[in-house]
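Trainee: Sharing a structure, written as structure tokens. Questions coming.
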Amino acid sequence: MSCIFIFMGWSCSNESVETYVATPSPLQIPQLFEDNILNPVIPVDNPQTVEGVALGKKLFFDPILSGDNTQACADCHAPGNAFSDADRFSDGIDGIRGNRNSMPLFNLAWNYDEKFFWDGSSFSLEHQAFVPVSDPIEMKSSWTQLETELQQHPEYPNLFQQAFGTSKIDSTVVTKAIAQFERTLISSNSKFDKYLLGEATLTPEELNGFNVFMDETKGDCFHCHGSDKNPLWTDNIFHNNGLDATFTDLGLGAVTGDPADNGKFKSPSLRNLAFTAPYMHDGRFATLDEVINHYSEGLQNSSTIDPLMKKVAQGGVQLSAQDKADLKAFLLSLSDDEFISNPDFLNQ
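Following the UniProt record's numbering, the numbering of the sequence shown begins with 1 at its first residue and continues without gaps.
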């Protein structure tokens, strides 16, 4: 039997065809994901293939995507930082800084609403990959320029032929390839994952920290960030978590135009916090201790404060020093050392 990749998926027959056959490469779904959450979102017109993923990886690390060929996606989404940026704000090719912290990239195929970026302004992972190329603060290229450069490149036309059955390169196939690679960035092997699978033991501090996290009278963190039954450790929903009394960045409100959405930003995953500092949409907190102190004593009230910030009138949940230390220990147990060193995700 032979199979060929066509626009809407795979077509198979018993007759041989003289068309390049891209190799299916389904995502390897971790056991805890399989047991607890829905299947990943894979567009019918962009199935995972060996050739597509390899091409997407090459593009992700290639500075050819930027206007002056100096900056790649990986410069703002570095593997060692769980595909985020250690700087509070990333520099574009002209040295201009944005006003938000670069989001980490992992477990993206399980973002069921498919709203990406801190403010949900991009729908689908393919479109998320489309935006930075022409953004004047980021890569500051144009898709016309990039398509021409890739078309004239000694390797890329053949790689696109192998991945998508066409050597004609445009933004659609470029972003499809990058999205395929990004969907493979799966993080699922933290100490806490191993604990849930019966393969590791938590310390008393980590166990108490998890209890603080889950306790509505203490940390009360699970509503937005999930639990042992949600391996994503985020609800992927937008919340005003009490950072500011007034807003210089409207977040989701600037996208929807609804004042009730002002100051709302996507809840990030709590995985890999050991690698993703600084924290929050604007990177205002350099340490995890500052994040915990914010929820404990630093909440700011506003008209759109999330109802889940139930202790805002008291400034926060008022954790003890011991509970803060234990909560931090638990949160760090969600970090996945193997993820940041996985050779499949590195430029090698």
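Built from N, CA and C at the ideal position, the CB exists for glycine as well.
(1) Looking at Gly-242 and Ala-329, is the spacing between their C-beta atoms short of 7 angstroms?
(2) DSSP state of Pro-24, grouped into three classes?
(3) Pull up the DSSP beta-bridge partners for Ser-122, would you.
(4) Starting from the N-terminal side, write out each stretch of the alpha helix (DSSP H) that is 4 residues or longer and does not extend beyond the segment 51-104.
(5) What does the Cβ neighbour count give for Leu-319, buried or exposed, with the cut at 16 atoms within 10 Å?
(6) Based on the DSSP secondary-structure assignment, which residues constitute the bridge partners of Phe-275?
(7) Assuming Asp-323 is part of the alpha helix (DSSP H), what are its boundary residues?
(8) Ends of the alpha helix (DSSP H) at Gly-253?
(9) Could you check if Pro-278 is buried or exposed, using at least 16 other CB atoms within 10 Å of its CB as the buried criterion?
(10) Look at the Cβ atom of Thr-203, then the Cβ atom of Glu-126, and state whether they are nearer than 7 angstroms.
(11) With a floor of 4 residues, list each alpha helix (DSSP H) that falls wholly inside the segment 192-219, ordered by position along the chain.
(12) Measure from the C-beta of Asp-220 to each C-beta in chain C and report whether the shortest distance is under 7 angstroms.
(13) Tell me the residue span of the alpha helix (DSSP H) that contains His-294.
(14) Could you compute how far the alpha carbon of Ser-269 sits from the alpha carbon of Trp-233?
(15) Quick check: what's the CA-CA separation for Ala-325 versus Phe-285?
(16) Please state whether the Cβ-Cβ distance between Tyr-20 and Gly-165 is less than 7 angstroms.
(17) Look at the Cβ atom of Phe-61, then the Cβ atom of Ala-72, and state whether they are nearer than 7 angstroms.
(18) Tell me, to the nearest whole angstrom, how far the beta carbon of Trp-143 is from that of Ile-37; I am working on the premise that it is less than 8 angstroms.
(19) Would a C-beta distance cut-off of 7 angstroms place Thr-304 and Ala-260 closer than the cut-off?
(20) My understanding is that Ile-178 touches Leu-150, with C-beta atoms under 8 angstroms, so please give their C-beta distance in whole angstroms.
(21) I'd like the list of long-range same chain contacts for Leu-55, defined as Cβ closer than 6 angstroms, with 5 residues on each side in sequence excluded.
(22) Taking all protein chains shown into account, decide if Val-212 is buried (16 or more other Cβ within 10 angstroms of its Cβ) or exposed.
(23) Which same chain residues, not among the five before or five after His-281, have their C-beta less than 6 angstroms away from its C-beta?
(24) With distances taken between CB atoms, is the gap from Asp-85 to Ser-102 smaller than 7 angstroms?
Mentor: For this structure:
(1) No, Cβ-Cβ distance for Ala-329 and Gly-242 is not below 7 angstroms.
(2) Correct three-state label for Pro-24: strand.
(3) The partner list for Ser-122 (beta bridge, DSSP) reads Phe-116.
(4) Runs of the alpha helix (DSSP H) inside the segment 51-104: 73-76.
(5) Buried, since its Cβ has 16 or more Cβ neighbours within 10 Å.
(6) In DSSP, Phe-275 forms no bridge with anything.
(7) In the DSSP annotation of this structure, the continuous segment of the alpha helix (DSSP H) that includes Asp-323 starts and ends at 321-332.
(8) Residues 252-256.
(9) Pro-278 is buried by the Cβ-count criterion.
(10) For the pair Thr-203 and Glu-126, the CB atoms are not nearer than the 7 angstroms cut-off.
(11) Taking only runs of at least 4 residues, the alpha helix (DSSP H) segments lying wholly in the segment 192-219 are 204-214.
(12) Among the chains of the structure shown, chain C does not appear; only one protein chain is present.
(13) 288-297 is the span of the alpha helix (DSSP H), which, as asked, contains His-294.
(14) A direct Cα-Cα distance of roughly 5 angstroms separates Ser-269 from Trp-233.
(15) When only Cα atoms are considered, Ala-325 and Phe-285 end up about 17 angstroms apart.
(16) Their beta carbons are under 7 angstroms apart, which means Tyr-20 touches Gly-165 by this criterion.
(17) Taking a C-beta distance under 7 angstroms as the contact criterion, Phe-61 and Ala-72 qualify as a contact pair.
(18) Under the criterion of beta carbons closer than 8 angstroms, Trp-143 and Ile-37 do not qualify as touching, at roughly 35 angstroms.
(19) Contact flag set, yes.
(20) 12 angstroms between Cβ atoms; not a contact.
(21) For Leu-55, the CB contacts under 6 angstroms within the same chain, skipping 5 residues up- and downstream, are Leu-159, Ala-163 and Ala-177 in chain order.
(22) Flag for Val-212 reads buried.
(23) Cβ neighbours of His-281 within its own chain (closer than 6 angstroms, five residues either side excluded): Arg-100, Trp-118 and Phe-265.
(24) Yes, the Cβ-Cβ distance between Asp-85 and Ser-102 is below 7 angstroms.
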